[in-house]
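> Below are the structure tokens for one structure; questions will follow.
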Amino acid sequence: MAGNPRFEQKIVRAVLWTMTGATILILLFIVAFILRRGLPEVSLEFLTRNPENMGVEGGIFPTIVGTLALTLMAIAIATPLGVGTAIYLTEYTWENRLTRIIRFGADCLAGIPSILFGLFGFILFVTKLKLGWSILSGGLTLSFMILPTIIRTSEEAIRSVPAAYREVSASLGCTKWQTVTRVVLPSALPGITTGVILSIGRSIGETAAVIFTAGSSLHIPTSLFSSSRTMAVHFYILAREGISMPNAYGTAAVLVATILMINIVSYYLMHRFTRKYS
Amino acid sequence: METNREPLIRVRDFSLTGGSVRILNRLTLDVERHEILGVIGPSGSGKTSFLRCLNRLIDLVPGYRSEGEIVFGGRMILGPDVNVVELRRKMGMVFATPVPLPRSIFENVVFGARLSGVRGGPRLLELAEESLCQAGLWDEVRDRLDESALKLSGGQQQRLCIARVLALKPGVILLDEPTSGLDPISTHKIEESLRKLRAAYTIILVTNNVKQAARVADRTAFFLSGELVEIGPTARIFTAPEDPRTNDYISGRFG
Amino acid sequence: MTRLERNDRLIRLGLLMIAFSAVSILIVITLFIFSEGTPIIFKYGPGRFLFGLDWYPSEKTFGLLPMIVGSFFVTAGALLVGVPLGLACAIVLTQFASKRVGRILKPVIELLAGIPSVVYGFIGIVVIVPLIRENLGGPGLSVLAASLVLGVMILPTVISISIDAFQAVPPSYREGSIALGATVWQTIRMVMFPAARSGIVAAVILGMGRAIGETMAVIMIAGNAAAIPGSPLAPVRTLTSNIALEMGYASGEHREALFATGVILFVIIMALNILANRTSARRKR
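These protein sequences, in sequence, are chains A, B and C.
Letter 235 of the first sequence, counting from 1, is numbered 234 in numbering that gives the first Met the number 0, and no numbers are missing.
Letter 185 of the second sequence, counting from 1, is numbered 184 in numbering that gives the first Met the number 0, and no numbers are missing.
Letter 214 of the third sequence, counting from 1, is numbered 213 in numbering that gives the first Met the number 0, and no numbers are missing.
Below, the structure written as structure tokens:
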């Protein structure tokens with residue numbers, strides 16, 4: 000298209016902005032659609048009652064418990080592992096073959112789709128280790144899924160702690176570990192927390208890995224070995240089997256609203272703490 | 000402790016190599032008790048590296064090798080069996096840029112002391128007051144010990160860093176160009192404090208400002224390209240230096 | 000060795016073992032999936048498995064080709080939707096937008112990334128599928144529906160990596176071009192794109208990986224017919240859906256065949272990962 004380059008740019012700009020606007024509109028549409036049809040279904044009753052009739056009526060209370068249990072377990076396992084890895088990579092070693100292998104492992108792990116985690120969890124935890132469909136199986140599987148994210152965000156957070164802090168700490172007679180625990184980690188905490196919160200959001204929405212490891216029992220879980228259904232799995236079953244559209248919308252609304260709140264909280268955290276420390 | 004006339008620190012034939020570069024070359028000098036030793040020289044002459052060898056902060060950077068001997072208070076400090084943590088508590092260091100930790104003023108001052116075992120609220124408070132007084136900062140912060148240290152001005156932060164070091168009751172205070180970024184009033188206050196601190200501590204002051212050494216130091220050492228060119232009483236160094244290079248640097252012909 | 004050094008060594012060793020957790024988990028996952036899935040591939044015959052056109056588990060017929068083709072079509076479609084949109088957003092964010100707009104766009108993208116795939120699939124069922132069915136014909140559950148929804152799902156991946164790619168271009172390139180009188184768009188077209196090329200390629204590859212690996216949304220809207228789709232409006236089944244749909248009730252050789260599907264999927268994804276790694280490694284050099 001020979002001709003005025005400024006004219007060409009005007010057209011291109013218009014096109015690009017339209018596309019960007021479309022993307023934003025898509026997101027707004029998704030959130031608005033679910034919330035508009037789903038929030039009316041959500042009441043205190045909905046959140047605290049047990050489902051009846053396979054979910055046609057009643058509430059989603061057991062799924063909330065299941066979601067909480069699985070997410071908590073995943074975080075409890077993945078956070079020490081992830082932060083520990085990040086500490087090792089930044090504080091106790093410098094870039095060499097070993098660190099490249101560790102990073103490659105974490106990157107590859109991050110790329111594995113959730114269905115394969117579900118498959119793996121089913122093979123190892125449910126079948127071979129005979130843990131059955133349980134919160135234990137699901138929590139372990141989920142923790143492996145979120146590990147790479149926690150490693151990455153923790154590493155970033157730890158690296159951004161000024162080198163001068165470490166020097167000062169050492170010069171005041173701290174051992175390396177004391178420097179890590181008393182100076183580096185406290186300063187890196189906001190970044191690490193953001194990563195954890197993001198992983199919580201991901202765990203809540205996860206379905207494929209959970210349905211093959213934690214099962215889909217509608218009973219309130221009584222132990223780590225109980226099978227349990229999460230909100231996401233419940234929503235999937237409701238929607239796919241056409242059991243109850245209103246309840247499906249309601250469950251979806253709870254899911255989306257929770258994730259919205261999680262994103263807002265993590266954003267707020269990042270903003271508030273980066274200002275405090277700069 | 001001992002009313003000793005022995006030099007507190009003896010450096011004998013000390014060399015530092017990083018990669019293929021010789022940073023310090025066969026240094027030999029003594030640091031006397033309760034003196035302020037000024038260390039002057041152009042950038043790159045090894046003054047900062049020398050300080051970092053004294054408290055073995057140089058260990059934090061991989062790839063440096065040292066030869067020779069440094070004896071502090073009768074004990075060698077360079078061997079693999081040395082308790083480096085203890086050493087660093089005895090050789091307090093103040094850096095060129097003030098680095099307050101992101102904590103309250105009080106927490107900053109007692110940070111190192113807490114780690115070395117000092118316990119108890121009142122005891123720590125006492126220690127903080129003492130150290131802040133010695134650093135010349137107490138009056139300005141006595142009412143706001145719980146405020147963030149980051150709110151202090153540059154000069155105040157640096158005095159805070161000095162107080163932080165003093166709280167550890169070190170034997171030696173190492174200062175690496177402590178007033179290089181500060182306004183004249185803060186500089187003056189710090190130099191005042193150093194003069195008073197000499198009675199209880201031994202002080203090594205690395206400075207790019209030749210006049211500061213002339214004002215404050217009892218003896219002065221001139222470093223050039225990793226070597227100790229000359230060391231002696233400040234008055235003599237500045238009026239009748241023995242080495243022509245010293246003369247050139249002091250009179251501003253280079254540096 | 001002083002006590003200090005001994006403690007330090009212990010801590011370092013402990014942390015090293017923790018750091019290896021990610022690698023160990025990866026190795027364990029690879030081991031298990033391969034050990035469960037590969038025997039049947041060889042028993043059945045790799046050729047028949049990979050290129051067989053019929054998938055009838057009850058008759059012990061395990062031809063995976065329709066699903067492989069299905070994954071391929073759906074992914075290609077997703078890229079057709081997601082890459083242009085994603086690149087547009089990345090360009091606008093890095094080249095044209097003010098800081099204020101950026102502050103709105105970034106959370107939007109992060110939010111898009113956080114929405115669960117089942118919700119995407121649900122919107123697909125309730126909005127997209129009927130739209131296709133009524134306006135374009137066919138059952139609605141189709142390659143097209145899956146491509147549209149997956150395209151939106153991979154947007155956050157494509158956008159964030161493309162943004163990284165553009166931001167990695169030295170500002171002097173851009174400034175130099177503008178100083179020579181080029182418009183911003185000309186600069187983007189002739190200077191930024193070539194310079195950011197390997198990063199953009201990485202973004203596309205990772206978007207591909209994300210699309211191929213998606214399960215729940217695809218199951219809900221793609222129709223799941225185990226046959227090679229004849230048109231974009233035809234239903235389709237992907238490798239991922241194949242596993243998820245039948246895993247619940249499969250047993251014996253059927254189950255092994257599903258594991259084998261997992262093996263194929265794993266190999267494809269790993270290849271894509273390594274490719275993406277190589278591309279960005281080349282960029283860093």
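Don't be surprised by glycine CBs; every beta carbon is placed ideally from N, CA and C.
All values derive from a computational prediction rather than experimental measurement.
Give a yes or no on whether 8 angstroms exceeds the smallest Cβ distance from residue 252/C to chain A.
Taking the first residue of the third sequence as position 1, residue 252/C is located at position 253. Not one chain A Cβ lies under 8 angstroms of residue 252/C.
> Along the stretch 108-124 of chain B, where does the CB come closer than 8 angstroms to a CB of chain A? Name the residues.
110, 111, 114, 115
> Output the boundary residues of the alpha helix (DSSP H) element that contains residue 150/C.
In the third sequence, residue 150/C corresponds to position 151, counting from 1. That run of the alpha helix (DSSP H) goes 142-152.
> For the candidate residues 187/C, 3/C, 56/C, 153/C, whose alpha-carbon lies nearest to that of residue 73/C?
Here residue 73/C is taken as the residue at index 74 of the third sequence, counted from 1. Nearest option by C-alpha distance: 153/C.
> Tell me whether residue 277/A is buried or exposed, calling it buried when 16 or more other Cβ atoms sit within 10 Å of its Cβ.
Locating residue 277/A in the first sequence gives position 278, counting from the first residue. Caution applies to residue 277/A, whose pLDDT of 44 falls short of 50 and renders its modelled position unreliable; the value that the coordinates give is listed next. Exposed, because fewer than 16 other Cβ atoms sit within 10 Å of the Cβ of residue 277/A.
> Cα separation between residue 263/A and residue 254/C?
Start at 1 with the first residue of the first sequence, and residue 263/A comes out as number 264. Start at 1 with the first residue of the third sequence, and residue 254/C comes out as number 255. About 42 angstroms.
> Could you work out which residue in 192/B, 173/B, 167/B is closest to residue 88/B when comparing CA atoms only?
Reading the second sequence from its first residue, position 89 is the one you call residue 88/B. Closest by alpha carbon: 167/B.
> Apply the 10 Å Cβ neighbour rule to residue 103/C and answer buried if 16 or more other Cβ atoms are within range, or exposed otherwise.
The sequence position of residue 103/C within the third sequence is 104, counting from 1. It counts as exposed.
> Hey, residue 181/B and residue 193/B: beta-carbon distance below 8 angstroms or not?
By one-based count along the second sequence, residue 181/B stands at place 182. By one-based count along the second sequence, residue 193/B stands at place 194. No, Cβ-Cβ distance for residue 181/B and residue 193/B is not below 8 angstroms.
> At the 8 angstroms Cβ level, is residue 182/A part of the contact set with chain B, yes or no?
Numbered from its first residue, the first sequence carries residue 182/A at position 183. Yes, because at least one Cβ of chain B sits closer than 8 angstroms to the Cβ of residue 182/A.
> Curious, which full-length alpha helix (DSSP H) runs of at least 4 residues does the stretch 47-74 of chain C contain?
Runs of the alpha helix (DSSP H) spanning 4 or more residues and lying entirely within the stretch 47-74 of chain C do not occur at all.
> Name, please, each residue of chain B whose Cβ falls closer than 9 angstroms to the Cβ of residue 231/A.
Your numbering for residue 231/A matches position 232 in the first sequence. Ordered by position in chain B, no residue passes the 9 angstroms Cβ test against residue 231/A, which lies about 39 angstroms from the chain.
> Taking just the CA atoms, how far does residue 65/C sit from residue 318/C?
Absent from the model: residue 318/C. The displayed extent of chain C is 0 to 284, so no value can be given.
> Assign residue 221/A to buried or exposed, taking buried as 16 or more other Cβ atoms, counted over all protein chains shown, within 10 Å of its Cβ.
The residue you call residue 221/A lines up with position 222 of the first sequence. With fewer than 16 Cβ atoms within 10 Å of its Cβ, residue 221/A is classed as exposed.
> Tell me the rounded alpha-carbon separation between residue 145/C and residue 77/C.
As a first step, residue 145/C must be located in the third sequence, where it is residue number 146. As a first step, residue 77/C must be located in the third sequence, where it is residue number 78. It is roughly 8 angstroms from the alpha-carbon of residue 145/C to the alpha-carbon of residue 77/C.
> Helix, strand or coil, according to DSSP, for residue 41/A in the structure here?
By one-based count along the first sequence, residue 41/A stands at place 42. Residue 41/A: coil per DSSP, three-state reduction.
> Does the distance from the C-beta atom of residue 229/B to that of residue 236/B stay below 8 angstroms?
The residue given as residue 229/B occupies position 230 in the second sequence. The residue given as residue 236/B occupies position 237 in the second sequence. A contact, by the Cβ cut-off of 8 angstroms.
> If you draw a straight line from the C-alpha of residue 266/A to the C-alpha of residue 166/C, how long is it?
Here the question's residue 266/A lines up with position 267 in the first sequence. Here the question's residue 166/C lines up with position 167 in the third sequence. For residue 266/A and residue 166/C, the distance between alpha carbons rounds to 22 angstroms.
> Since residue 131/C contacts residue 139/C with CB under 8 angstroms, what's their CB separation in whole angstroms?
Reading the third sequence from its first residue, position 132 is the one you call residue 131/C. Reading the third sequence from its first residue, position 140 is the one you call residue 139/C. That pair is a contact at about 5 angstroms.
> Quick check on the DSSP output: what are the complete alpha helix (DSSP H) runs of length 4 or more inside the stretch 195-266 of chain A, in order along the chain?
Counting whole runs of 4 or more residues, the stretch 195-266 of chain A contains the alpha helix (DSSP H) stretches 207-210, 230-239.
> Using the Cα positions of residue 133/B and residue 174/B, report the straight-line distance between them to the nearest angstrom.
One-based indexing of the second sequence puts residue 133/B at position 134. One-based indexing of the second sequence puts residue 174/B at position 175. Cα to Cα, the separation comes out at about 15 angstroms.
> Starting from residue 176/C and walking both ways along the alpha helix (DSSP H), at which residues does that stretch end?
What you label residue 176/C is simply residue 177 of the third sequence in a count that begins at 1. Where residue 176/C is concerned, the enclosing alpha helix (DSSP H) stretches over 170-178.
> Here's a check: name, in chain order, each residue in its chain whose Cβ is nearer than 8 angstroms to the Cβ of residue 44/A, leaving out the five neighbours to either side.
For this step, residue 44/A is matched to residue 45 along the first sequence. Closer than 8 angstroms at the Cβ level, and outside the excluded window around residue 44/A, lie 58.
> If I measure Cβ to Cβ from residue 55/A and keep anything under 8 angstroms in the same chain, skipping five residues before and after, which residues do I get?
As a working note, residue 55/A is residue 56 in the first sequence. Excluding sequence neighbours, residue 55/A sits near 242, 243, 246.
> Between the stretch 107-115 of chain A and the stretch 84-97 of chain A, are three or more C-beta pairs nearer than 8 angstroms?
no
> On the criterion of 16 or more Cβ atoms from any shown chain inside 10 Å, does residue 248/C qualify as buried, or is it exposed?
Within the third sequence, residue 248/C is the residue found at index 249, counting from 1. Per the 10 Å Cβ criterion, exposed.
> Would you check if the distance between the CB atom of residue 61/C and the CB atom of residue 243/C is smaller than 8 angstroms?
On the third sequence, position 62 is the one that residue 61/C refers to. On the third sequence, position 244 is the one that residue 243/C refers to. For residue 61/C and residue 243/C, no; Cβs fall outside 8 angstroms.
> Pull up the distance between the alpha-carbon of residue 232/C and that of residue 128/C, whole angstroms please.
Position 233 of the third sequence, counted from the start, is the residue given in the question as residue 232/C. Position 129 of the third sequence, counted from the start, is the residue given in the question as residue 128/C. Their Cα atoms are separated by approximately 10 angstroms.
> Suppose contacts are defined by Cβ-Cβ distances below 8 angstroms. Is residue 161/C in contact with residue 85/C by that definition?
The residue given as residue 161/C occupies position 162 in the third sequence. The residue given as residue 85/C occupies position 86 in the third sequence. The answer is yes: Cβ separation under 8 angstroms.
> Within 10 angstroms of the Cβ of residue 198/B, are there 16 or more other Cβ atoms? Answer buried if so, exposed if not.
Sequence index remark: in the second sequence, residue 198/B carries index 199 (1-based). Answer is exposed; the Cβ neighbour count stays below 16.
> Give the secondary structure of residue 133/C by DSSP, where H, G and I count as helix, E and B as strand, and everything else as coil.
Position 134 of the third sequence, counted from the first residue, corresponds to residue 133/C. Three-state result, residue 133/C: helix.
> Measuring CA to CA, which of 13/C, 201/C, 205/C is closest to residue 85/A?
As a first step, residue 85/A is located in the first sequence; it is residue number 86 there, counting from the start. Residue 13/C is the option with its Cα nearest to residue 85/A.
> Runs of 4 residues minimum, wholly inside the stretch 200-228 of chain C: which ones carry the alpha helix (DSSP H) assignment?
For the stretch 200-228 of chain C, whole alpha helix (DSSP H) runs of length 4 or above, ordered along the chain, are 215-220.
> Looking at C-beta atoms only, is the number of pairs between the stretch 112-125 of chain B and the stretch 151-159 of chain B that lie closer than 8 angstroms three or more?
no
> Would you say residue 266/B faces chain A, with C-beta separation under 8 angstroms as the test?
Any question about residue 266/B goes unanswered here, given that chain B covers just 0 to 254.
> Verify whether the separation of the beta carbon atoms of residue 233/B and residue 216/B is less than 8 angstroms.
For this step, residue 233/B is matched to residue 234 along the second sequence. For this step, residue 216/B is matched to residue 217 along the second sequence. Taking 8 angstroms as the Cβ cut-off, residue 233/B and residue 216/B qualify as a contacting pair.
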